[in-house]
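Asks: Chains as they are written, first to last, in the numbering used here: chain A, 1 to 475; chain B, 476 to 950. The C-beta atom is built at its ideal place from N, Cα and C for all residues, glycine as well. Only a predicted model underlies this, so the values are computations on that prediction, with no experimental measurement involved.
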């Protein structure tokens, strides 16, 4: 594709994307294809000869678009609703063209330093002190894995060279999180050689928050059994109900016990930008590390996970290596390759910087506040309806509830099945996409509000569909 | 930014990028800023109020562009030269707008299935059999880490639950690679709890290839010492000299010894698309896993690393978890979140698919062959010049050599210093960017040819600059 063609196709693509972002509602939110439909519709081998961009885009529209689940649809109310905002999409376009690979400062001073600047802005907006240094990873899973590695290295600095296997005198290690934690912690435990059994999931209270009394007992029990506690990982905004673990009390315990405190604020952390919700990060200033995901609730195209750490020296001590073919500048220069597993780092900071400037702090707060208010409104509708039962508090922008008719007596199994069918039926309309989750043992309808263009119209549409589905699901 | 603004700024950005891709040579390849220049030029806090896209772009041009090292400049001849090709850039733009998060099949059937299709195309192009299943990760570092985890789990399936620490009867484990291997293997060893000491770096022959006799002795020694060998990781295209380890002989040994064979073909693997170079992947069909990076030498904007595995069941057995809030479809459906640490997966397959179609297999082979021929041409110039010494064979598209005047006797230390100064001086011109590396103990000038728009003009320019630098460097 020569430069003239790039320009022409680029302009065509801008128009396609503008149309897409303007009218996402012309597509069903949840893809309607069957497994294998896409792969069967495509050739088994790459073409031998070049094909035109027009032909490729025609296949994109014909074969791939029906296979998209539209995360950018304002009726997307499942999992965590995310947004590729317009400035974020433009920034990714620019970043792709610049193709920066910021492994060393010299290979992209702009990407290296803008990462520091943009993360500094974000840190300040959510109220963390400057003692936290930031680094951008792709996902919270990778950020969490690095937190686990840092905790492991802090407790056992010889692990870097000697590892964990076949060593005398190295005890079993233990990490604590709540029963409501995200499975990225489980995955990290598997990856770094600690194993799932070394993760102890602490029970939660009736609002799905980690019970610090149970945590204290678990740590004491483990110490008594010769197991070495190394870290506690509370969550600010758990994945099912967005419950907020009592970080200040956990921080007290971590200080007393000398444990690494990592706060998983991947979803909930940005809410601290609102004066009304600054408390969600209470105690986080005492954490060793914290993750917050701009690609969740900060309108940033996937992927961009921000990892803040008060002890980045521990991460650097683990990962700094100087091979024969790279010559880092001496002195105080930061090289991003030293802060983690990945040598290569793409220019993700560009989109965060453009988004923060384009919205301004005020613009972001307005949207976050609007989403939280919409969730409260929905919670109010649920609470006021005799045939629905709310299953969890709504501290942020997610509402978990279920259909439970006031006038009929159904077993728990019948209720679970009926709510599952209800959600399937609602999703089949294509107008909205909501997910289910298990809350306190019940199948819950889970509505997550977080897309930039989601308004009361979409939330009300979901609620109307859910209410009107009742007759079918109760048969 | 409303839809009309997106359209307007999108068109402006297409023109900016088209101009950038058309005339990269108006910028110095290597950024000329000093550490801190960028961060000092930007405010310490995010703006409170929204700013216009025009204002943001003005700052981008004023502050950030001088801090870019231009990986997309045809004079970029350092590290591995990579390209954000035009179809790849457009695909990333589209992918950002679609904002697919392909953790589950249902959350993006198109991204999930296109990943399988595009990787199938690539697998076939490089001559791997269909027994290899593919998955896309961000970087080769992460792919390699997963290969290490798979090797660990295959040798010790209880590691997933019980980990490595504090267990009786678990021996020390050992992984083997060559002294020329990429440090992503070291980082992976640290991350997954095996530790650097568990990585044994096998000596190389005089063409920088892993010595299989030494490997055999090392494995036997370790077994005799009660250490459990688990994996060998040869390289196809090492990072310094692009040497190619003898994979067939390593595969023989791995079969005899029951070791996981992972081939690091991150850079060199794509060369197997050329009939003349199919041999570089000889024996790789017998590997357990292999990594090849389209973002290195397949004109794909960073990041996209392809991991092929004959035993993806081992990876899945390690990482499959089913939490309360996700409901994978039953049956044969693939969910990308099960193949690794990262839960979230972005739509990287789109760019690989668009690039393979846009170039066609023939177009890609033409460029790879052209780059290899340019490297041979440069090697010929070096060999013919009395004052330069080639330091390694040139199996692919990288040439390592040094200035060593025929008529003067200089110490090794003087030669090292002179070659280092020479490279600095050449890079200061801004016309080209070449790197140094240590080859057989000497400081080498290392020229990597891999950018799509690099032609004989750029290689000759680099060679002329290097030749003309002689007087200054020998003073």
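List, in chain order, every chain A residue whose beta-carbon is nearer than 8 Å to that of residue 668/B.
Replies: In chain order: 152, 159, 163, 164, 165, 192, 193, 194.
Asks: Ordered along the chain, which non-local residues of its own chain (more than five positions away) have a Cβ less than 7 Å from that of residue 145/A?
Replies: Answer for residue 145/A: 188, 191, 192, listed in chain order.
Asks: Can you give me the C-alpha to C-alpha distance between residue 835/B and residue 871/B, rounded to a whole angstrom?
Replies: If I take the Cα positions, the gap works out to 21 Å.
Asks: Can you name the residues of chain B whose CB is closer than 7 Å to the CB of residue 494/A?
Replies: One cannot answer for residue 494/A here, as it falls past the ends of chain A, which runs 1 to 475.
Asks: Are residue 924/B and residue 846/B close, meaning C-beta to C-beta below 8 Å?
Replies: In contact: residue 924/B and residue 846/B (Cβ atoms closer than 8 Å).
Asks: Under 8 Å, Cβ to Cβ, is there at least one residue of chain A near residue 948/B?
Replies: Note that residue 948/B scores a pLDDT of 46, beneath 50, so its modelled location is shaky; the value from the coordinates is reported in the next line. Judged by the 8 Å Cβ criterion, residue 948/B is not in contact with chain A.
Asks: Would the beta-carbon of residue 462/A fall within 8 Å of that of residue 77/A?
Replies: Taking 8 Å as the Cβ cut-off, residue 462/A and residue 77/A qualify as a contacting pair.
Asks: Which term fits residue 838/B, buried or exposed, when burial requires 16 or more other beta carbons within 10 angstroms of its beta carbon?
Replies: By the 10 Å Cβ count, residue 838/B comes out buried.
Asks: Where does residue 567/B land, buried or exposed, given buried means 16+ other C-beta within 10 angstroms?
Replies: Label assigned to residue 567/B: buried.
Asks: Report the residues of the segment 524-536 of chain B with a CB closer than 7 Å to any CB of chain A, ordered along the chain.
Replies: Of all residues in the segment 524-536 of chain B, 524, 525, 526, 528, 531 have a Cβ within less than 7 Å of some Cβ in chain A.
Asks: Distance check for residue 649/B and residue 704/B, CA to CA, integer angstroms please.
Replies: Each residue's alpha carbon lies about 5 Å from the other.
Asks: Evaluate the contact criterion for the segment 811-827 of chain B versus the segment 135-151 of chain A: three or more CB pairs, one atom per stretch, below 8 Å.
Replies: Output reads yes: the segment 135-151 of chain A touches the segment 811-827 of chain B.
Asks: Check the Cβ-Cβ distances between residue 684/B and every residue of chain C, and say whether any is below 8 Å.
Replies: Among the chains of the structure shown, chain C does not appear; the protein chains present are A and B.
Asks: My output table needs one value for residue 132/A: the three-state DSSP class, helix, strand or coil.
Replies: Three-state result, residue 132/A: coil.
Asks: Between the alpha carbons of residue 517/B and residue 305/A, how many angstroms are there, rounded?
Replies: If I take the Cα positions, the gap works out to 22 Å.
Asks: Spatial neighbours of residue 314/A within its chain, please: C-beta separation below 7 Å, excluding the five flanking residues on both sides.
Replies: Within the same chain, residue 314/A has close Cβ partners 150, 153, 154.
Asks: Please return the same chain residues whose Cβ sits closer than 7 Å to the Cβ of residue 602/B, not counting the five positions on each side in sequence.
Replies: These residues qualify, in order along the chain: 747, 753, 756.
Asks: Counting only Cβ-Cβ distances shorter than 8 Å, please list the residues of the segment 497-511 of chain B near chain A, keeping chain order.
Replies: Under the 8 Å Cβ criterion, the segment 497-511 of chain B contributes 497, 505, 506, 508, 510, 511.
Asks: Could you tell me the alpha carbon to alpha carbon distance between residue 940/B and residue 904/B, rounded to whole angstroms?
Replies: When rounded, the distance between both Cα atoms is 9 Å.
Asks: With a threshold of 7 Å, establish whether the CB of residue 552/B neighbours any heavy atom of the ligand MG.
Replies: In the structure shown, the ligand MG is absent, as is every other ligand, since no ligand is present at all.
Asks: Assess contact between the segment 260-268 of chain A and the segment 179-188 of chain A, defined as three or more Cβ pairs (one per stretch) separated by less than 8 Å. Is contact present?
Replies: Flag = yes, the segment 260-268 of chain A and the segment 179-188 of chain A touch.
Asks: Cβ closer than 9 Å: which chain B residues qualify as neighbours of residue 375/A?
Replies: Within chain B, no residue comes near residue 375/A; the closest Cβ sits about 17 Å away, beyond 9 Å.
Asks: Against residue 486/B, what residues of chain A qualify as contacts under a CB-to-CB distance less than 7 Å, listed in chain order?
Replies: Near residue 486/B (Cβ distances below 7 Å), the residues of chain A are 11, 14.
Asks: Can you list the residues of chain A that residue 834/B reaches, using a CB-CB cut of under 8 Å?
Replies: Chain A residues near residue 834/B: 50.
Asks: Using a C-beta cutoff of 8 Å, does residue 856/B count as contacting chain A?
Replies: So no, residue 856/B is outside the interface.
Asks: Enumerate in chain order the residues of its own chain whose CB-to-CB distance from residue 100/A is below 8 Å, with the five nearest sequence positions on each side excluded.
Replies: Same-chain partners within the cutoff: 107, 108, 110, 111, 346, 347.
Asks: Please state the DSSP three-state secondary structure of residue 137/A.
Replies: The answer is strand: DSSP assigns residue 137/A an E or B state.
Asks: Can you say whether residue 950/B is buried or exposed, counting buried as having 16 or more other CB atoms within 10 angstroms of its CB?
Replies: Residue placement at residue 950/B is flagged as unreliable, the pLDDT there being 44, under the threshold of 50; the coordinate-derived value follows with that caveat. When all chains shown are included, residue 950/B counts as exposed.
Asks: Sort out for me which residues DSSP pairs residue 173/A with in a bridge.
Replies: Answer by DSSP bridge pairing, in chain order: 228/A.
Asks: At a CB distance below 7 Å, what residues from the segment 105-116 of chain A approach chain B? Give them in sequence order.
Replies: Within the segment 105-116 of chain A, the qualifying residues are 105, 106, 107, 108, 109, 110, 113, 114, 116.
Asks: Would you call residue 730/B buried or exposed, if buried means 16 or more other Cβ atoms sit within 10 Å of its Cβ?
Replies: It is exposed - the Cβ of residue 730/B has fewer than 16 other Cβ atoms within 10 Å.
Asks: Over what stretch of residues does the alpha helix (DSSP H) that includes residue 900/B continue unbroken?
Replies: From DSSP, the alpha helix (DSSP H) with residue 900/B extends over 887-903.
Asks: Once DSSP output is grouped into helix, strand and coil, what is the label at residue 772/B?
Replies: Helix.
Asks: Could you name the residues of chain B that residue 47/A contacts, counting a contact when the two beta carbons are closer than 8 Å?
Replies: By Cβ distance, chain B contributes 831, 832, 835, 836.
Asks: Could you tell me the boundaries of the beta strand (DSSP E) in which residue 911/B lies?
Replies: Its beta strand (DSSP E) spans residues 908-914.
Asks: Pull out every residue of the segment 869-887 of chain B whose Cβ sits closer than 8 Å to any Cβ of chain A, in chain order.
Replies: Of all residues in the segment 869-887 of chain B, none has a Cβ within less than 8 Å of some Cβ in chain A.
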